[in-house]
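Novice:
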Amino acid sequence: ICCRYWFITYQHFTDVLGLPCIENLVCSADETPEPIATTITGNIPSWIKGNFLRNGPGKFEIGRSSFNHWFDGMALMHQFHIEDGKVTYMSRFLNSDCYKENLEHNRIMVSEFGTIAMPDPCKNFFQRFLSRFELPKPSDNANVSFVQYKGDYYVSTETNFMHKIDPQTLETKEKVDWSKFVAVNGATAHPHVDPDGTTYNMGNSYTRKGAFYNIIMVPSKKVNPNDTLEGATVVCSIPSEDKSKPSYYHSFAMSENYVVFIEQPIKMDLLKIVTSKLRGKGINEGVYWDPKRNTVFHVINKHTGKLSLIKYYAKPLSTFHQINCYEENGFLIIDMCCSDDGQAINNYLIQNLKKSGNALDEVYNTVCRVFPRRFVLPLNMDSHTPCGQNLNTRLNNTATAIKTDKNKVFCTHEDLHGDDLHEFGGLEFPHINYSMCNSCPYRYFYGCGFRHLVGDSLIKMDLQGKQIKVWKHAGMYPSEPIFVSSPGAVEEDDGAILSVVITPNQDKSTFLLVLDAKTFEELGRAEVPINIPYGFHGTFQNRH
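Structure, rendered in structure tokens:
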């Protein structure tokens, strides 16, 4: 017998050692459908009144079958109700079709991003064989975020399904299918909202002519009380550079007059995805990083739907979340969290998150760090614009934009941080004072430091001087920071930061953390006497 050993070498981006095990962050939890009291330490400002809503995976096993990827867990919604300095907590599983079907059969019945649903063992061999040739049906397991359309709250993922939610009770009210309103096969979980309530999103469509990226507009008002996405329209369709392998995207950028789509070299092999069930592989195996391709910024006038003829290129990069985007003196400024490698999405297998010791360090060190960067795109170009020189004439800015050919500009970024951010593992899950600063010049943003596979610190960045303030405590893993503006606030950072802090190695000591957004000092916390898994995204429903 001849044995051959294959040694796979992975690129190392850091050399961190001794990371604590965090496997309890991906343990299944029970729902808490009735509000329970929390224990307050310090002071929760009395002016904060509303519901802090969070979403994320909360159930990782169904019967004897387990999900493979962190993104696959069944959606568990959380509500922290804050009023008069007191906080109650409740949670509910999203009553999605896939959740009900999985529970009914006591096994995984619907394929998710990294988990393929295996044929029903009760079927005969021929039926099981034929079922492998079925296309994977899109999941309605909306476990990524809470979003708003026309004043209603929905939970969303990246398929064509959302669910309308009652934010007071977390009850699942209505399943909504994007494809019933516009010709798309899905939509992001990160829409943008204009001051008048008009909402923009993006979704793909797949036609005989290839894959298209679509900018979607949803009107701000309902015509009828039961309206959901009625009136939604496709503003612009952008053809994929590779017809059968479109780019994966998690979000997009938007300024006052433009939508910016970042076509990054994280690619989706549609043939592999549609044959995933036949091959017994997860959808995630059809998503791959292609560093031979540059990144392309597509700029669309959101009022006319016209796609700019100018294509802005940058070196290969990966971005999941943008920070802000605004226009200033003929330039489009795009701030976003970027990495120089796009393979991280496949590192978040549950087996990796449950590792410890050297094996855990190895997973972390082979994930590229994410840092905030600024790109500056010149909007006013014509045939007389010279090639070969930097068109970014803004003062005190190191980003470049060089015209290389007709309608082609190559851009390099400015780092929106100092060297000290490396100590905290970069920054992700960015958030700003959205109501005051989205699409406008701004000074501050907030995010999680990632000196672990999940956020393990909270960071405030002051763009004047690129100075940071940090909240960090050993063994504590804070969620995405949400900014809540104080009543009548004039200054950009006059408010509070809300974050749910998980303590995987300390039983039943999860807490809601409230920081003074200006000083970044802790004001108070509300301890919840149960264990909560680490989630993804959330929002604050102001009840003033």
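When you read off a place in the sequence shown, starting at 1, and then add 19, the result is the number in this note's numbering. By construction, the Cβ of each residue, glycine as well, lies at the ideal position given by its N, Cα and C atoms.
For the 8 Å Cβ check, are there 3 or more pairs between the region 278-285 and the region 323-340?
Specialist: The region 278-285, when compared against the region 323-340, does touch it at the 8 Å Cβ threshold.
Novice: Any idea what DSSP makes of Thr-422, helix, strand or coil?
Specialist: Numbered from its first residue, the sequence shown carries residue 422 at position 403. This sequence places Lys at residue 422; Thr is not what is there. Lys-422: strand per DSSP, three-state reduction.
Novice: Could you compute how far the alpha carbon of Pro-391 sits from the alpha carbon of Pro-64?
Specialist: The sequence position of residue 391 within the sequence shown is 372, counting from 1. The sequence position of residue 64 within the sequence shown is 45, counting from 1. Taking the straight line from one Cα to the other gives about 30 Å.
Novice: In chain order, what residues of the same chain have a beta carbon less than 8 Å from the beta carbon of Arg-388, not counting five sequence neighbours either side?
Specialist: Taking the first residue of the sequence shown as 1, we reach residue 388 at position 369. Hits under 8 Å: Phe-32, Thr-33, Ser-358, His-441, Gly-444, Gly-445 and Phe-469.
Novice: Pick out whichever of Met-96, Gly-75, Val-45 and Trp-89 has its Cα sitting closest to the Cα of Glu-53.
Specialist: Taking the sequence shown and counting its residues from 1, one reaches residue 53 at position 34. Answer by Cα proximity: Met-96.
Novice: Quick one: which unbroken beta strand (DSSP E) runs of 3-plus residues sit fully inside the region 341-372? Chain order, please.
Specialist: 350-358, all fully within the region 341-372.
Novice: Should Leu-396 be labelled buried (16 or more other beta-carbon atoms within 10 Å of its own) or exposed?
Specialist: As a position in the sequence shown, residue 396 is number 377, starting the count at 1. Flag for Leu-396 reads buried.
Novice: For Asp-535, report the span of its beta strand (DSSP E) as first-last.
Specialist: Taking the first residue of the sequence shown as 1, we reach residue 535 at position 516. Note, Asp-535: beta strand (DSSP E), 529-535.
Novice: Residues in its own chain within less than 7 Å of Gly-543 by CB, not counting five upstream and five downstream?
Specialist: In the sequence shown, the residue the question calls residue 543 occupies position 524. So the qualifying residues of the chain are Ile-59, Thr-60, Gly-61, Asn-62, Ile-63 and Val-533.
Novice: Which residue marks the beginning of the alpha helix (DSSP H) containing His-31, and which one marks its end?
Specialist: On the sequence shown, residue 31 is found 12 positions in, with the first residue counted as 1. Run containing His-31: none; DSSP gives neither H nor E here.
Novice: Can you tell me which residues form a DSSP beta bridge with Val-129?
Specialist: Position 110 of the sequence shown, counted from the start, is the residue given in the question as residue 129. Looking at the DSSP assignment, Val-129 forms no beta bridge with any residue, so it has no partner.
Novice: What does the alpha-carbon distance come out to for the pair Phe-152 and Gly-299?
Specialist: Numbered from its first residue, the sequence shown carries residue 152 at position 133. Numbered from its first residue, the sequence shown carries residue 299 at position 280. Note on Phe-152: pLDDT 44, under 50, position unreliable in the model; the coordinate value appears next. Distance between the alpha carbons of Phe-152 and Gly-299 is about 10 Å.
Novice: Please report how far the alpha carbon of Gly-554 lies from the alpha carbon of Ile-67, in whole angstroms.
Specialist: If you number the sequence shown from 1, residue 554 lands on position 535. If you number the sequence shown from 1, residue 67 lands on position 48. Their Cα atoms are separated by approximately 22 Å.
Novice: In terms of residues, what are the limits of the alpha helix (DSSP H) holding Ser-454?
Specialist: Mapped onto the sequence shown, residue 454 falls at position 435. Unbroken alpha helix (DSSP H) run through Ser-454: 453-456.
Novice: List the endpoints of the continuous beta strand (DSSP E) containing Leu-8.
Specialist: It is not possible to answer for residue 8, since the shown part of the chain is limited to 20 through 563.
Novice: According to DSSP, what are the bridge partners of Phe-180?
Specialist: On the sequence shown, position 161 is the one that residue 180 refers to. According to DSSP, Phe-180 bridges with Asp-196.
Novice: Considering only the alpha carbon of each residue, which of Cys-344, Ile-516 and Ser-85 lies closest to Cys-213?
Specialist: As a working mapping, residue 213 is identified with position 194 in the sequence shown. In the sequence as presented, Cys is not what sits at residue 213; that position holds Asp. Measuring from the Cα of Asp-213, the nearest candidate turns out to be Cys-344.
Novice: Suppose only complete runs of 3+ residues qualify. What are the beta strand (DSSP E) ranges in the region 34-84, listed by chain order?
Specialist: You should have 51-56, 58-61 and 69-78.
Novice: Give a yes or no on contact between the region 444-459 and the region 361-381, applying the rule of three or more CB pairs nearer than 8 Å.
Specialist: Cβ pair count under 8 Å is below three, so no.
Novice: To the nearest angstrom, report how far apart Met-400 and Leu-414 are at their CA atoms.
Specialist: Counting from 1 along the sequence shown, the entry for residue 400 is found at position 381. Counting from 1 along the sequence shown, the entry for residue 414 is found at position 395. Looking at the two C-alpha atoms, the distance is approximately 19 Å.
Novice: Terminal residues of the continuous alpha helix (DSSP H) containing Ser-295?
Specialist: The residue labelled residue 295 in the question sits at position 276 within the sequence shown. Segment 295-298, the alpha helix (DSSP H) holding Ser-295.
Novice: Give, in chain order, every unbroken run of the beta strand (DSSP E) that is at least 3 residues long and sits entirely within the region 477-538.
Specialist: Listed in chain order, they are 486-490, 501-504, 514-521 and 529-535.
Novice: Could you give the C-beta distance for Ser-198 and Asn-179, rounded to a whole number, given that I count them as a contact under 8 Å?
Specialist: Working through the sequence shown from its first residue, we reach residue 198 at position 179. Working through the sequence shown from its first residue, we reach residue 179 at position 160. At roughly 5 Å, the Cβ-Cβ gap stays under 8 Å, so Ser-198 and Asn-179 are in contact.
Novice: From the DSSP output, in three-state form, read off Gly-557 for me.
Specialist: For the purposes of this step, residue 557 is identified with residue 538 of the sequence shown, where counting begins at 1. If DSSP states are grouped into helix, strand and coil, Gly-557 belongs with the strands.
Novice: Go ahead and pull the three-state DSSP assignment for Gly-222.
Specialist: Numbered from 1 along the sequence shown, position 203 holds the residue referred to as residue 222. Strand.
Novice: Within 10 angstroms of its Cβ, does Leu-328 collect 16 or more other Cβ (buried), or is it exposed?
Specialist: Stepping through the sequence shown from its first residue, residue 328 is reached at position 309. Its Cβ having fewer than 16 others within 10 Å, Leu-328 is exposed.
Novice: Tell me which residue opens and which closes the beta strand (DSSP E) that Asp-171 is part of.
Specialist: Working through the sequence shown from its first residue, we reach residue 171 at position 152. Note, Asp-171: beta strand (DSSP E), 171-175.
Novice: Where does Val-212 sit, in a helix, a strand or coil, going by DSSP?
Specialist: Position 193 of the sequence shown, counted from the start, is the residue given in the question as residue 212. Looking at Val-212 - three-state DSSP - the assignment turns out to be strand.
Novice: Arg-393 bridges to which residues according to DSSP?
Specialist: In the sequence shown, the residue the question calls residue 393 occupies position 374. Answer by DSSP bridge pairing, in chain order: Asp-354 and Glu-433.
Novice: State yes or no: is the C-beta of Ile-501 within less than 9 Å of the C-beta of Ser-476?
Specialist: Taking the first residue of the sequence shown as position 1, residue 501 is located at position 482. Taking the first residue of the sequence shown as position 1, residue 476 is located at position 457. Contact flag unset, no.
Novice: Which same chain residues end up closer than 8 Å to Lys-192 when comparing Cβ atoms and leaving out the 5 residues on each side of it in sequence?
Specialist: Numbered from 1 along the sequence shown, position 173 holds the residue referred to as residue 192. Here the set comprises His-182, Lys-183, Ile-184 and Asp-185.
Novice: Short check: CB of Thr-247 to CB of Phe-200, under 9 Å?
Specialist: Working through the sequence shown from its first residue, we reach residue 247 at position 228. Working through the sequence shown from its first residue, we reach residue 200 at position 181. Closer than 9 Å, so yes.
Novice: Output yes or no for whether 9 Å exceeds the beta carbon distance between Ser-263 and Tyr-232.
Specialist: Indexing the sequence shown from 1 puts residue 263 at position 244. Indexing the sequence shown from 1 puts residue 232 at position 213. Cβ distance not < 9 Å, so Ser-263 and Tyr-232 don't count as in contact.
Novice: Suppose contacts are defined by Cβ-Cβ distances below 9 Å. Is Val-106 in contact with Ala-545 by that definition?
Specialist: Position 87 of the sequence shown, counting from 1, holds the residue named residue 106. Position 526 of the sequence shown, counting from 1, holds the residue named residue 545. Yes; because the gap between Cβ atoms is below 9 Å, this pair is in contact.
Novice: Considering Cα atoms alone, identify which of Tyr-267, Ile-521 and Thr-218 is closest to Val-253.
Specialist: By 1-based counting over the sequence shown, the position of residue 253 is 234. Comparing Cα-Cα distances from Val-253 to each of Tyr-267, Ile-521 and Thr-218, the minimum goes to Thr-218.
Novice: Could you spell out the range, first to last residue, of the beta strand (DSSP E) harbouring Gly-376?
Specialist: Within the sequence shown, numbered from 1, the residue matching residue 376 stands at position 357. Segment 376-384 is the alpha helix (DSSP H) holding Gly-376; no beta strand (DSSP E) there.
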